[in-house]
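Each residue of the sequence shown is one higher than the one before, starting from -14 at the first, in the working numbering.
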Amino acid sequence: MKLCICGLGYIGLPTAAMFASHGVNVHGVDVNAHAVETINKGMIHIVEPGLGDVVRQTVANNMLKASDTACEADAFIICVPTPFKGESHEPDISYVEAAAGEIAPYLKKGDTVILESTSPVGTTERVAEIFREMRPDLAIAEENRENESDVFLAYCPERVLPGQIMSELVNNDRIIGGINRVSADKAADVYAVFVKGELLKTNSRTAEMSKLTENSFRDVNIAFANELSLICDRLNIDVWELISLANHHPRVNILNPGPGVGGHCIAVDPWFIVSRTPDLAKLVHTARLVNDGKPEWVKQQVRNAIAKLNRHCTIACLGLAFKPDIDDLRESPSVFIARDLAAEYPGCVVAVEPNITELPKVFDGTGLRLVSTEEALKADIVLLLVDHHEFRNISPDFGEKQILIDTRGLWRK
Ligand code: SAJ
């Protein structure tokens, strides 16, 4: 089998490398010239445990090649980003449309095309439309008319957790939504090359919605925990004790409050549901607002603490990553909180982030400094934002004149 993968980022490159290490001849495509060059040298441009070795070996064996253009293949996989349109919460599927346009000239009878990018419902049907417009010589049949298909098309969302991608790619169950039934069968044959999890077949709209639903489920549940943390603070109840007690009920499993929800998935995907059905997606929408409102509430806690100490204060932010034990600072609520506090209290804010050595550009001009945990723990206000294991493994002793704001419940008294 020859495979062409469009998009060699956090999902596309590991997927390409996995296929190549299982005997598939893989041609990867990316618009980023630096990524293409790096991969063709057998190196990687992203951080993911275990990926570097597989890329090095498969490039050396000539099983994996990167390029800026697509080519003829038996199967095509699209793994390009689907960001928001500008400042809005509307999904931008233009990269998916561009990838479909790139692939279309190379399609031939019997080929299978799979879309993996997180997409609003109906995007796979839009890809089918593009193929029909550009290649009227090839039939892509609608549901129930599969015998008339020349090309097979399916949606199969990625569901891997960054940091564990190489093992989750193999072991996770996959949802495979065909534009018609035979397309789901053909796409399942492609993944059967290395996937050990179950290959669950459905139609493309259900598969698209399943990805959005999984991340919305998590967002709604985190929002419930975050809302509880606000209510408990007002009512003078320890939310962590409350949750741990309530979770003793056999059918209750409340998640953990925090400073907000970060990353590129959980804070984004629910909007793809809201934008399609704004009048119906009330709970999903409210969860987004609750989680997006949490950083502001945390900043207010700091202002209240400064008012209480009633003196010039130093503030230490512990953790900047969007979740524990990773170096990923993208869309991290902790970064927004630290940046805003540094702007509000110039020269007074320091931060500890054990997983980075340099602050990202967003802190340029804010005066915020990276310091050691030891130095940070001497600040007047210690704001714990991320439960990294480095912080978990210590039990600091705070003086009477210090205030601890623990957004993760790590060091609560
Ligand atoms: N968070 C909390 N409280 C919790 C759990 C998480 O505040 O109890 C916060 C984290 O601190 C972080 C954010 O939520 O800021 C998201 O972290 P996460 O670990 O829940 O999820 P991601 O974004 O790393 O990965 C998710 C996963 N989806 C689900 O668990 C349903 C992953 O399987 C998906 O593949 C990924 O999104 C994706 O690519 O869509």
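No residue lacks a Cβ here, since even glycine has one placed at the ideal position from N, Cα and C. Small disclaimer: the values here were computed from a predicted structure and weren't measured.
Worksheet item: alpha helix (DSSP H) containing R41: first to last residue?
Response: Stepping through the sequence shown from its first residue, residue 41 is reached at position 56. First-last of the alpha helix (DSSP H) with R41: 36 to 45.
Fill in: Burial state of K(-3), where buried means 16 or more other Cβ atoms lie within 10 Å
Working through the sequence shown from its first residue, we reach residue -3 at position 12. It is worth fixing the name first, because residue -3 is Gly in this sequence and not Lys. Under this definition G(-3) is a buried residue.
Practice prompt. Locate the alpha helix (DSSP H) running through T440, then write down its first and last residues.
Written response: Past the edges of the chain, shown from -14 to 398, lies residue 440, and the structure says nothing about it.
Item to complete: Assess, as a yes-or-no matter, whether the region 284 to 301 is touched by the region 349 to 365 under the definition of 3 or more beta carbon pairs within less than 8 Å.
Response: Three or more Cβ pairs drawn from the region 349 to 365 and the region 284 to 301 lie within less than 8 Å of each other, which places the two stretches in contact.
Worksheet item: Which of helix, strand or coil does DSSP assign to F383?
Response: Counting from 1 along the sequence shown, the entry for residue 383 is found at position 398. In the structure shown, the three-state DSSP call for F383 is coil.
Worksheet item: Does at least one heavy atom of ligand 1 sit under 7 Å from the Cβ of I251?
Response: Residue 251 sits at position 266 when you count from the first residue of the sequence shown. Yes - ligand 1 has a heavy atom lying nearer than 7 Å to the Cβ of I251.
Discussion item. Any heavy atom of ligand 1 closer than 7 Å to the beta-carbon of G304?
Written reply: Within the sequence shown, residue 304 is the residue found at index 319, counting from 1. Outside the cutoff, so no.
Worksheet entry | Cβ-heavy atom distance, L146 to ligand 1, below 7 Å | Here the question's residue 146 lines up with position 161 in the sequence shown. The answer is yes for L146.
Worksheet entry | Whole-number beta carbon distance between A252 and N276, since they are thought to touch under 8 Å | Start at 1 with the first residue of the sequence shown, and residue 276 comes out as number 291. Start at 1 with the first residue of the sequence shown, and residue 252 comes out as number 267. Between A252 and N276 the Cβ distance is about 7 Å, and since that is below 8 Å, they are a contact.
Discussion item. For the pair the region 163 to 182 and the region 205 to 220, tell me if three or more CB-CB distances fall below 8 Å.
Written reply: With a cut-off of 8 Å, the region 205 to 220 and the region 163 to 182 do not count as touching, because too few Cβ pairs lie within range.
Item to complete: Ignoring anything shorter than 3 residues or poking outside the region 2 to 75, list the beta strand (DSSP E) runs there in chain order.
Response: Whole beta strand (DSSP E) segments, 3+ residues: 10 to 14, 49 to 52, 60 to 63.
Worksheet item: If you measure from the CB of N200, is any heavy atom of ligand 1 nearer than 7 Å?
Response: Reading the sequence shown from its first residue, position 215 is the one you call residue 200. Yes; taking the cut-off as 7 Å, the Cβ of N200 has a heavy atom of ligand 1 nearer than that.
Worksheet item: Any heavy atom of ligand 1 closer than 7 Å to the CB of E338?
Response: Taking the first residue of the sequence shown as 1, we reach residue 338 at position 353. Checking the Cβ of E338 against ligand 1 gives no.
Worksheet item: Is K267 near I322, with beta carbons less than 8 Å apart?
Response: By one-based count along the sequence shown, residue 267 stands at place 282. By one-based count along the sequence shown, residue 322 stands at place 337. No, the Cβ-Cβ distance between K267 and I322 is not below 8 Å.
Worksheet item: Would you report the Cα separation of C(-9) and D15, rounded to the nearest angstrom?
Response: Reading the sequence shown from its first residue, position 6 is the one you call residue -9. Reading the sequence shown from its first residue, position 30 is the one you call residue 15. Using only the alpha carbons, I get a separation of about 6 Å.
Practice prompt. Could you name the residues of the same chain whose beta carbon sits closer than 8 Å to that of W282, not counting the 5 residues immediately before and after it, in chain order?
Written response: Here residue 282 is taken as the residue at index 297 of the sequence shown, counted from 1. Counting only residues of its own chain and dropping the five nearest sequence neighbours on each side, W282 has a CB closer than 8 Å to the CB of L215.
Worksheet entry | Distance cut-off 7 Å: L240 Cβ against heavy atoms of ligand 1 | Numbered from its first residue, the sequence shown carries residue 240 at position 255. Yes - ligand 1 has a heavy atom lying nearer than 7 Å to the Cβ of L240.
Item to complete: Quickly, what does DSSP pair L(-12) with across the bridge? List them, please.
Response: Taking the first residue of the sequence shown as position 1, residue -12 is located at position 3. Answer by DSSP bridge pairing, in chain order: V11, A60.
Worksheet item: Where L123 and D391 are concerned, what is the direct C-alpha to C-alpha distance, given to the nearest angstrom?
Response: The sequence position of residue 123 within the sequence shown is 138, counting from 1. The sequence position of residue 391 within the sequence shown is 406, counting from 1. Separation of L123 and D391 (C-alpha to C-alpha, rounded to the nearest whole angstrom) is 60 Å.
Worksheet item: Do you know offhand how far A375's Cα is from P339's?
Response: Translated into positions along the sequence shown, residue 375 becomes position 390. Translated into positions along the sequence shown, residue 339 becomes position 354. Checking the sequence shown, residue 375 turns out to be Glu, not Ala. Taking C-alpha positions only, E375 is separated from P339 by approximately 7 Å.
Worksheet item: What does a CB cutoff of less than 6 Å around G394 pick up in its chain, not counting 5 residues either side in sequence?
Response: Reading the sequence shown from its first residue, position 409 is the one you call residue 394. Within the same chain, G394 has close Cβ partners W225.
Discussion item. On the criterion of 16 or more Cβ atoms from any shown chain inside 10 Å, does E127 qualify as buried, or is it exposed?
Written reply: Here residue 127 refers to the residue found at position 142 of the sequence shown. In this structure E127 is exposed. Its beta-carbon is surrounded by fewer than 16 other beta-carbon atoms within 10 angstroms.
Practice prompt. Would you check if the distance between the CB atom of G162 and the CB atom of T191 is smaller than 8 Å?
Written response: Counted from its first residue, the sequence shown places residue 162 at position 177. Counted from its first residue, the sequence shown places residue 191 at position 206. In contact: G162 and T191 (Cβ atoms closer than 8 Å).
Worksheet item: Taking the continuous alpha helix (DSSP H) assigned at F376, which residues delimit it?
Response: Translated into the one-based positions of the sequence shown, residue 376 becomes position 391. Looking at the DSSP string, the run of the alpha helix (DSSP H) that includes F376 is 374 to 377.
Worksheet entry | Rounded separation between I228 and D310 - CA only | Mapped onto the sequence shown, residue 228 falls at position 243. Mapped onto the sequence shown, residue 310 falls at position 325. Their backbone Cα atoms lie some 23 Å apart in a straight line.
Item to complete: For E193, I'd like the list of residues in its chain whose CB is within less than 6 Å of its CB, leaving aside the five on either flank, ordered along the chain.
Response: Here residue 193 refers to the residue found at position 208 of the sequence shown. By the criterion of a C-beta distance shorter than 6 Å, E193 is surrounded in its chain by S104, V106, Y140, once the five residues flanking it on both sides are discounted.
Discussion item. Please return the same chain residues whose Cβ sits closer than 6 Å to the Cβ of T187, not counting the five positions on each side in sequence.
Written reply: Counted from its first residue, the sequence shown places residue 187 at position 202. Annotation for T187: G162 place their beta carbon closer than 6 Å to its own, counting only its chain and skipping 5 residues before and after.
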